[in-house]
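Visitor: Position one of the sequence shown corresponds to residue 1 (UniProt numbering), numbered consecutively onward.
First the structure, which I've put down as structure tokens, then a few questions once you've had a look.
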Amino acid sequence: MDFVLSDEQQALQQSVRQFAQKELPDIAREVERSDEPPGIELRKRYAELGYLGVNLDSKYGGGGMSHLDAVLVLEELAKVSIAVAFPVFESCFGPSLAIAHFGNDAMRAKVLPKVCSGEIVVAVSMSEPNAGTALTDLTTKARIEKDRVIINGSKRWCSGAGHSEAYIVYCRMDEISGAKGIGAVLVPKGTDGFSFGARDHHMGFRGVYSADMYFDEVEVPLENILVTAGGFSKLMDAFDLERCGNTTMSLAVGQSAFDFVLDYCQQRQQFGKPLIDFQAVQIQIAEMKMKLEAARLLLYRAVVNAEKGLPSIAESSVAKCFANEMVREVTGKAMQLTGGYGYSKEFPLEQKLRDAWGWGIAGGAIDIQKINITSALVGKRFNQRAG
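Written out as structure tokens, the structure reads:
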């Protein structure tokens, strides 16, 4: 057991940090102002630097590196802006990893090189108007006719909806109720019958698109099936790694808020001395640091233990749940310590606070992670429908 990053990992972390701090702040400010994602030029730049698909196989253009390496890259980018980091998140922890693990040879060869080159971003589409936490209630259907898959239904709360170039769509592929009838299909943007509703605008997550998605007799070839009916457990195994991406985003937001407030408390003076000289401030700073370090270690454990495959639901849920709660607490404390400066849009903390709350909703709510944790402890799945 080694708690020190290797020389190569430290060098990677430092190089990404230098790039992010030098080249991303202006882009991030414009994204926050306009609520529009950065252009494809940034994705191409990420591709040149090897940040897209850090942990995807090199034969597809990926970095061939570890999940931990991907975490290190994503954290440094997301410290500046989660929206600016979003293409890297999707390429390293999103549906691209599901394609890498469960897709057929044709799908992997067609999609993953485009992800790693920055040509496309693949988003995951799971939730529906009446199926969010109760995901197995989803009603979007896919039927097979000869050599085609035909999809009908609607989706909601898909991060990237309307902006990403392709979508892994969870759908019912068999009349069997519950999880056993669910599979997933890859649907490219622009496919006939596939449309989007008006764009959502959230409290945070500016620059990350979201919109309702509609499927009206949408046809794709059979090779676009990622997993068939009965493959729901595989999809959720892959989603455990996406939870680690969510955890990394939470960690990055919390760490960047902490970095700002630590510097602020050493510079800002009240009653003739720096804030950091007040014992009450010292206690707050220490508590924030403790939570950040604990979140980082839980995240690193989950991804390092998953190097031979995908994380366990227990370890990924523990990491996500703790980090989601941590980032809300840390950004809240940072806001309180900075007072009016924290509440002003001229400074970064109000954005950090808004973004912090989203991660405990996205990717499975905090309380659902706690149910997952207990389920893993006792070795049974809990039926929330039972009286």
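Think of the CB as a built atom: it goes at the ideal place given N, C-alpha and C, for glycine as much as any other residue.
Given a cut-off of 8 Å on the beta-carbon distance, is the pair residue 290 and residue 359 in contact?
Guide: The answer is no: Cβ separation not under 8 Å.
Visitor: Quick one: is residue 63 buried, meaning 16 or more other Cβ sit within 10 Å of its Cβ, or exposed?
Guide: Flag for residue 63 reads buried.
Visitor: Rounded to whole angstroms, what's the CA-CA distance from residue 108 to residue 202? Just pull it up for me.
Guide: Their Cα atoms are separated by approximately 33 Å.
Visitor: Let me know the beta strand (DSSP E) ranges lying completely inside the region 97 to 178, each 3 residues or longer, listed in chain order.
Guide: Taking only runs of at least 3 residues, the beta strand (DSSP E) segments lying wholly in the region 97 to 178 are 122 to 125, 141 to 145, 148 to 159, 166 to 172.
Visitor: With 16 as the cutoff for other CB atoms within 10 Å, does residue 120 come out buried or exposed?
Guide: Looking at its Cβ environment, which holds 16 or more other Cβ atoms inside 10 Å, residue 120 is buried.
Visitor: Which same chain residues end up closer than 8 Å to residue 348 when comparing Cβ atoms and leaving out the 5 residues on each side of it in sequence?
Guide: Hits under 8 Å: 256, 257, 260.
Visitor: Looking only at DSSP bridge pairs, what is residue 199 linked to?
Guide: In the DSSP output, where bridge partners are listed per residue, residue 199 has 211.
Visitor: Have a look at the DSSP bridge pairing and note the partners of residue 273.
Guide: In DSSP, residue 273 forms a bridge with 270.
Visitor: My understanding is that residue 327 touches residue 254, with C-beta atoms under 8 Å, so please give their C-beta distance in whole angstroms.
Guide: Between residue 254 and residue 327 the Cβ distance is about 4 Å, and since that is below 8 Å, they are a contact.
Visitor: Would you call the region 304 to 323 in contact with the region 357 to 371, where contact means no fewer than 3 C-beta pairs closer than 8 Å?
Guide: Segments in contact, yes.
Visitor: Three-state secondary structure (DSSP) at residue 194?
Guide: In the structure shown, residue 194 sits in a strand (DSSP, three-state: E or B).
Visitor: How far does the beta strand (DSSP E) with residue 183 in it extend, from its first residue to its last?
Guide: Taken as a continuous stretch (DSSP letters only), the beta strand (DSSP E) holding residue 183 covers 182 to 188.
Visitor: What separation, rounded to the nearest whole angstrom, lies between the Cα atoms of residue 298 and residue 244?
Guide: Spanning the two alpha carbons is a distance of roughly 10 Å.
Visitor: Give every residue of the same chain whose Cβ lies closer than 7 Å to the Cβ of residue 296, excluding the five residues on either side of it in the sequence, and list them in chain order.
Guide: 251.
Visitor: Rounding to the nearest angstrom, what Cα-Cα distance links residue 68 and residue 187 in this structure?
Guide: Going by the C-alpha atoms only, they are around 29 Å apart.
Visitor: Between which two residues does the alpha helix (DSSP H) containing residue 285 stretch?
Guide: Counting along the chain, the alpha helix (DSSP H) containing residue 285 begins and ends at 279 to 304.
Visitor: If you draw a straight line from the C-alpha of residue 52 to the C-alpha of residue 274, how long is it?
Guide: Roughly 42 Å between the two C-alpha positions.
Visitor: Specify the secondary structure class of residue 310 as computed by DSSP and reduced to three states.
Guide: In the structure shown, residue 310 sits in coil (DSSP, three-state: anything other than H, G, I, E or B).
Visitor: Straight-line CA distance for residue 66 to residue 307?
Guide: Using only the alpha carbons, I get a separation of about 7 Å.
Visitor: Check whether the region 127 to 137 touches the region 79 to 98, taking contact to mean three or more Cβ pairs, one atom from each stretch, closer than 8 Å.
Guide: As far as the Cβ criterion goes, the region 127 to 137 does not touch the region 79 to 98, which means the pair count is below three.
Visitor: So, with DSSP's three-state summary, where would you put residue 219?
Guide: Strand, per DSSP.
Visitor: Does the region 334 to 350 come into contact with the region 220 to 236, if we say contact requires no fewer than three beta-carbon pairs (one atom in each stretch) closer than 8 Å?
Guide: Contact between the region 334 to 350 and the region 220 to 236 is absent, because fewer than three Cβ pairs lie under 8 Å.
Visitor: Rounded to the nearest angstrom, what separates residue 89 and residue 271 at their Cα positions?
Guide: So the two alpha carbons sit approximately 44 Å from each other.
Visitor: Answer yes or no: do residue 46 and residue 112 have a C-beta to C-beta separation smaller than 8 Å?
Guide: Going by C-beta atoms, residue 46 is not nearer than 8 Å to residue 112.
Visitor: For the alpha helix (DSSP H) containing residue 12, list its first residue and its last residue.
Guide: That run of the alpha helix (DSSP H) goes 7 to 23.
Visitor: Starting from the Cα of residue 73, find the closest Cα among 3, 41, 232, 10 and give me that residue.
Guide: Looking at the Cα atoms, 10 is the closest of the given residues.
Visitor: Pick from 200, 159, 138, 163: whose alpha carbon is nearest that of residue 184?
Guide: It is 138.
Visitor: Run through DSSP, which three-state label would residue 226 get?
Guide: Here residue 226 sits in strand by DSSP.
Visitor: Quick one: give me the first and last residue of the alpha helix (DSSP H) that residue 91 is part of.
Guide: Segment 82 to 93, the alpha helix (DSSP H) holding residue 91.
Visitor: If you reduce the DSSP assignment to three classes, tell me which class residue 381 lands in.
Guide: Reduced to three states, the DSSP call for residue 381 is coil.
Visitor: What is the rounded straight-line gap between the Cα of residue 77 and the Cα of residue 247?
Guide: Their Cα atoms are separated by approximately 14 Å.
Visitor: Are the C-beta atoms of residue 350 and some chain C residue less than 8 Å apart?
Guide: As a matter of chain content, chain C is missing from the structure shown, which is built from one protein chain.
Visitor: In three-state DSSP terms, what is residue 373?
Guide: Looking at residue 373 - three-state DSSP - the assignment turns out to be helix.
Visitor: Would residue 213 pass as a contact of residue 158 if the rule is Cβ separation under 8 Å?
Guide: Yes; because the gap between Cβ atoms is below 8 Å, this pair is in contact.
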